[in-house]
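Down below is the structure, laid out as C-alpha cells.
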Amino acid sequence: MSTLDLTLPAGATNPLARLGWAVRDSVTVAGRSLRQIRRVPERLSDVTIQPVMFVLLFAEVFGTAITVPGGGSYHEYLLPGIIAQTTVFGCFGASVSMATDLHEGFVDRLRSLPIARSSIITGRLLAELATASFGLAVTLVVGVIVSWRVHRGVGHTLLGLLVLAVFLIAMTWLGLLIGMLVRSPDAVPGILFPVLFPVTFLANTFVPLKGLPGWLRAVAEWNPVSAVVAATRDEFGNPNPGISSWPLRHALPVSLGWGVGLIVVFGGLALLRWRKVSAG
Amino acid sequence: MADDAVVVDDLHKHFGSTYALRGVSLTVPAGTVCGLLGPNGAGKTTAVRIVTTLLRADSGRVTVAGHDVTREPDQVRRSLGLAGQAATVDGLLTGVQNLVMIGKLYHLPSKVAKARADELLERFSLTDAGGRIAKEYSGGMRRRLDLAASLVAAPPVLVLDEPTTGLDPHARAETWDVIEELVRAGTTLLLTTQYLEEADRLADQIVVVDHGEVVADGTPAALKAEVGGQRLEVTVVGDPAAARAVLARHGTVTLRDGRLSVDAAGGASRVAEVAAALADAGIEVDDLGLHRPSLDEVFLRLTGHAPTDTNDTADSADVAHTTPTSEEIPV
Ligand SMILES: Nc1ncnc2c1ncn2[C@@H]1O[C@H](COP(=O)(O)OP(=O)(O)OP(=O)(O)O)[C@@H](O)[C@H]1O
Ligand SMILES: [Mg+2]
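Below you can see the structure in the form of C-alpha cells.
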C-alpha cells in the first residue's frame, strides 16, 4: 500500500550501538517535550517569569528594608538565592510532566515501540534540564539588568554554575520520582508545595541566618539549599555574610557533596521506580 | 508455528484480589482477523496489554510473529502496532509531529518518517488537521490519529483495543474500510470490541471472553449456529395456549415476552404452513415472522450481559444478568 521503504533498520547488536540508539532516542523524546513548550509557553513561566518576578519584588520591596551584614548590595546577595530557589522548584515541573505522560498513556505509546526503555526517562530528564537551563539564563540576564555582577573571574563563575547544575540534576530526579509515585498529576502540588517552601525559605536564600533562634538556625545552616546558596555567592563573589558554621564555611565541597549524594539517592530510587513502572 | 501470528496460551493475570484473566488461550493465524469480544471488565484490555509487552502475565505464554513477549520483547515490538483503548497521542504536538516522532523512534530515516506521516494523515482524512495540535482534534479525529500512529512502521501484526469506540457512524465505516484494506494486504489483526456488528463484519474468528475466561470461540456463523438456527415467532391476540398447540407440531415451543417461537428449519414454506394452520384453528394472529439470532443474542446467552451496557450501574447489571434462557418458559 505504501510506496515508501519502511524496512526497519536492524536492531543494535553490540552494547556500543545500543548505547548510541539509546542516546538518539533520548534526544528524540526530549525534543518532543521541548516542542510542546512552543505550544504552551506558560510552561516556561515556572522557570522564567516566576524567578524574574521574585528578583524584582524582593529587590525592590525587601531591598530597601534589609541591609546585608558586612555591607554589599542586596541585589547581589539576593540573586544566588533566587536561582537556588528556582532550581529547587524545578522538581515541580518535572513531576507534573512525568505524571501527565504516565497518566495520559503517552508512556505506554513509547513503551510499545522498539526503543530502550531507559530513553523514555532520560529523554524527560534532558528536556527538564534544558528548560531549567533556559530559565536560569533568563534569570541571570535580568539579574545583570538590575545590577547583579560576578566578581571572581570565569573559573569561579563556572564553579558556581556547576554547583547549581549538580543540584538541579538532583532535584529533577526527585521530581521524576514523585511524578512516578503520584496517582495523577493533580496530586503533585499538594505533595510538593508543603515540602519545597520550607526547604527554600528555611535557609539563607533571602535573609541572613543571624537572627534565627538557635535550633532553627542549626537546621537552616545544615539545609543543603543553604550550602548551595553560600557556595554560589562565594564563587560569584557576591556578599555572603554569616557563614560562621561549618557547612557554610565549606560551602563548595558541602554543596557538591549534597548534590552528588542526592543524585545518587533520588536518581537511584527513580530508576528503581521506573523499572517497576515500565515492566508493566 | 510460523503460520500463527499471535499465540496466547493459558494466560493468567490478577490485580490484587481481582482476577482479570483466568486461563485465556487463543490463536490468530497470519493474515486473519481475530475479534476479542466481551463486556466491560472481561479482561480484553489486560490481554491486549500483555500481548503488546506493556504488562507482564502471572503465567502463560504469548508469542507474536514467533517471538516470545517476555524473552524477546524488542522483536515483538518491532512486529506489532498498537492502538490502545485510550488515545495515546501527544495532545500538545501536531498530527504531523506525533507521527514523525514515532517514525524517528522506529529509526526510520527522517525523510521517510515525514513522508510516511503525510501518507497516513491522508489515508485517515487528517491532512488538513495535520498542522494542528492533537488536543484540538475531536475525539474521533484523535482516535484516527492514534490508529495512524500504530501503522507508522507498517507492522505485520496489528492490535487494536476498541478502535471505533466513540466514532460517529461515518468515521466508523471509514475506519472499517482502512482495516479491511490492511487485512487484504496481509496484516494480521487482533481486535477487541464491544460492537458485535464490528466483530461480525471484520473478524474471521471471534473469541468471547467474560470474567477473564473464554466462553466461546469460533467463526461468527458458527457462534450464531451454536445458539440455534432461525426461529418462527408468533404473537397472538388473547390466550396463547391454542396457538401453542398448533406450533407444537413443529417442535418445542417457547414463550417469551408474550411471543411464541419454534424452530423454523423449513424457512418461508414453514411460515405459510403455520399461518394457514393458525387461521384454520380460528386464532387471531398479531404478528408472525422469521427471526435469525443476532450476535447480540449469542453474546447475551454466552455471557449473561448485554454487550454494550457500558458504565453499567448495579441496576442495569442486574437486568443484564437475567438471561433469555432463564426467562424462556417451555409451554
Ligand atoms: N491496573 C489495574 N489495577 C487493578 N485492576 C485492574 C487493572 N487493570 C484492570 N483491572 C481489572 O481487571 C479486570 C479486567 O479489566 P480490563 O480492562 O482488561 O477489561 P476490559 O475487557 O478491557 O473492559 P472494557 O470493555 O471496560 O475496556 C477488571 O475487573 C478491572 O477492574
Ligand atoms: Mg478495555
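The listed protein sequences derive, respectively, from chains A and B. So in this note's numbering, the last spot in the first sequence is 280, and the numbers never skip. So in this note's numbering, the last spot in the second sequence is 331, and the numbers never skip. From the three backbone atoms N, C-alpha and C, an ideal C-beta is built for every residue, glycine too. None of these values were measured; they are calculated from a predicted model.
Span of the beta strand (DSSP E), counted from its first residue to its last, around residue i
{"i": "P198 of chain A", "result": "No beta strand (DSSP E) holds P198 of chain A; the alpha helix (DSSP H) holding it covers A187 to F201."}
{"i": "A132 of chain A", "result": "No beta strand (DSSP E) holds A132 of chain A; the alpha helix (DSSP H) holding it covers S118 to I145."}
{"i": "T63 of chain B", "result": "S59 to V64"}
{"i": "K13 of chain B", "result": "D4 to F15"}
{"i": "D161 of chain B", "result": "V157 to D161"}
{"i": "S245 of chain A", "result": "Here S245 of chain A belongs to no beta strand (DSSP E), and DSSP marks it neither H nor E."}
{"i": "D210 of chain B", "result": "Q205 to D210"}
{"i": "P29 of chain B", "result": "T18 to P29"}
{"i": "D177 of chain B", "result": "Unbroken run through D177 of chain B is the alpha helix (DSSP H), P169 to R184; no beta strand (DSSP E)."}
{"i": "T188 of chain B", "result": "T188 to T193"}
{"i": "T235 of chain B", "result": "R231 to V236"}
Any non-hydrogen atom of ligand 3 closer than 7 Å to residue i Cβ
{"i": "T164 of chain B", "result": "This structure lacks ligand 3; the ligands present are ligand 1 and ligand 2."}
Contacts of residue i in chain B (Cβ-Cβ under 7 Å)
{"i": "F106 of chain A", "result": "T88 and D90"}
{"i": "D186 of chain A", "result": "Those within 7 Å of D186 of chain A in chain B number zero; the least Cβ separation is about 16 Å."}
When the options are compared against residue i, the one with the closest alpha-carbon
{"i": "A30 of chain A", "options": "A:F62, A:A130 and A:H103", "result": "A:A130"}
{"i": "L113 of chain A", "options": "B:G95, B:E233 and B:V76", "result": "B:V76"}
{"i": "V188 of chain A", "options": "A:T13, A:F54, A:A94 and A:V61", "result": "A:A94"}
{"i": "D10 of chain B", "options": "B:V214, B:R249 and B:L92", "result": "B:V214"}
{"i": "V178 of chain B", "options": "B:R116, B:V207 and B:R144", "result": "B:R144"}
{"i": "D3 of chain B", "options": "B:L105, B:T188 and B:L290", "result": "B:T188"}
{"i": "G251 of chain B", "options": "B:V274, B:G16, B:V236 and B:D58", "result": "B:V274"}
{"i": "A276 of chain B", "options": "B:V246, B:H211 and B:P39", "result": "B:V246"}
{"i": "D239 of chain B", "options": "B:G258, B:V253, B:L232 and B:Q230", "result": "B:G258"}
{"i": "R149 of chain A", "options": "A:S245, A:G259, A:D234 and A:R24", "result": "A:D234"}
{"i": "A115 of chain B", "options": "B:A222, B:L99 and B:D210", "result": "B:L99"}
{"i": "T32 of chain B", "options": "B:W176, B:R132, B:D146 and B:R184", "result": "B:R184"}
{"i": "V207 of chain B", "options": "B:S25, B:G131, B:V234 and B:E162", "result": "B:S25"}
{"i": "F92 of chain A", "options": "A:F193, A:L110 and A:G63", "result": "A:F193"}
Ligand 1 heavy atom lying under 7 Å from the CB of residue i
{"i": "G105 of chain A", "result": "no"}
{"i": "K111 of chain B", "result": "no"}
{"i": "K44 of chain B", "result": "yes"}
{"i": "G35 of chain B", "result": "no"}
{"i": "F299 of chain B", "result": "no"}
{"i": "G139 of chain B", "result": "no"}
{"i": "T52 of chain B", "result": "no"}
{"i": "Q85 of chain B", "result": "yes"}
{"i": "G280 of chain A", "result": "no"}
{"i": "A20 of chain B", "result": "yes"}
{"i": "L97 of chain B", "result": "The sequence shown places Gln at residue 97 of chain B, rather than the Leu named in the question. False, no ligand heavy atom lies under 7 Å from that Cβ."}
{"i": "N238 of chain A", "result": "no"}
{"i": "Q230 of chain B", "result": "no"}
{"i": "N40 of chain B", "result": "yes"}
{"i": "G16 of chain B", "result": "yes"}
Proximity test, Cβ basis, 8 Å: residue i and chain C
{"i": "D9 of chain B", "result": "Within the model displayed, chain C is absent; protein chains A and B are what it includes."}
8 Å Cβ cut-off: residues of chain B touching residue i
{"i": "L4 of chain A", "result": "V112, A115, R116 and E119"}
{"i": "L8 of chain A", "result": "R78, Y106, H107, L108 and A153"}
{"i": "T28 of chain A", "result": "M101, K104 and L105"}
{"i": "D25 of chain A", "result": "L105"}
Endpoints, alpha helix (DSSP H) assigned at residue i
{"i": "E122 of chain B", "result": "S110 to R123"}
{"i": "L164 of chain A", "result": "G153 to L181"}
{"i": "R384 of chain B", "result": "Since the first residue shown for chain B is 1 and the last is 331, residue 384 of chain B is missing from the structure and cannot be characterised."}
{"i": "E235 of chain A", "result": "P224 to F236"}
{"i": "H94 of chain A", "result": "Residue identity differs from the one stated: residue 94 of chain A is Ala in this sequence, not His. Y74 to H103 is the span of the alpha helix (DSSP H), which, as asked, contains A94 of chain A."}
heavy atom of ligand 2 below 7 Å from residue i C-beta
{"i": "D9 of chain B", "result": "no"}
{"i": "D146 of chain B", "result": "no"}
{"i": "D168 of chain B", "result": "no"}
{"i": "D161 of chain B", "result": "yes"}
Proximal chain A residues relative to residue i, where beta-carbon distance stays under 9 Å
{"i": "L337 of chain B", "result": "No information on residue 337 of chain B is available, as it lies outside the stretch 1 to 331 that chain B covers here."}
{"i": "T53 of chain B", "result": "R111, S112 and G280"}
{"i": "R49 of chain B", "result": "D108 and G280"}
Contact list for residue i against chain A, beta-carbon separation under 8 Å
{"i": "C74 of chain B", "result": "For the record, residue 74 of chain B in the displayed sequence is Asp; it is not Cys. Going along chain A in sequence order, the residues near D74 of chain B (Cβ under 8 Å) are G11 and P114."}
{"i": "Q97 of chain B", "result": "R32 and R35"}
{"i": "A149 of chain B", "result": "R109"}
{"i": "I206 of chain B", "result": "Result: empty, since nearest Cβ-Cβ is about 25 Å, beyond 8 Å."}
{"i": "R56 of chain B", "result": "A279 and G280"}
Chain B residues whose Cβ lies nearer than 9 Å to that of residue i
{"i": "D46 of chain A", "result": "Those within 9 Å of D46 of chain A in chain B number zero; the least Cβ separation is about 16 Å."}
Neighbouring residues, chain A, relative to residue i (Cβ below 7 Å)
{"i": "G84 of chain B", "result": "G105 and D108"}
{"i": "R259 of chain B", "result": "Chain A residues near R259 of chain B: none, gap ~46 Å exceeds 7 Å."}
{"i": "I179 of chain B", "result": "Those do not exist, as I179 of chain B stays about 12 Å from chain A at its closest Cβ, beyond 7 Å."}
Handout entry: Uninterrupted beta strand (DSSP E) stretches inside the segment 32-65 of chain A (no shorter than 3 residues)
Key = none
Problem - Length-filtered (3 minimum) beta strand (DSSP E) runs lying within the segment 238-262 of chain B - result: List check, beta strand (DSSP E) in window: 254-256.
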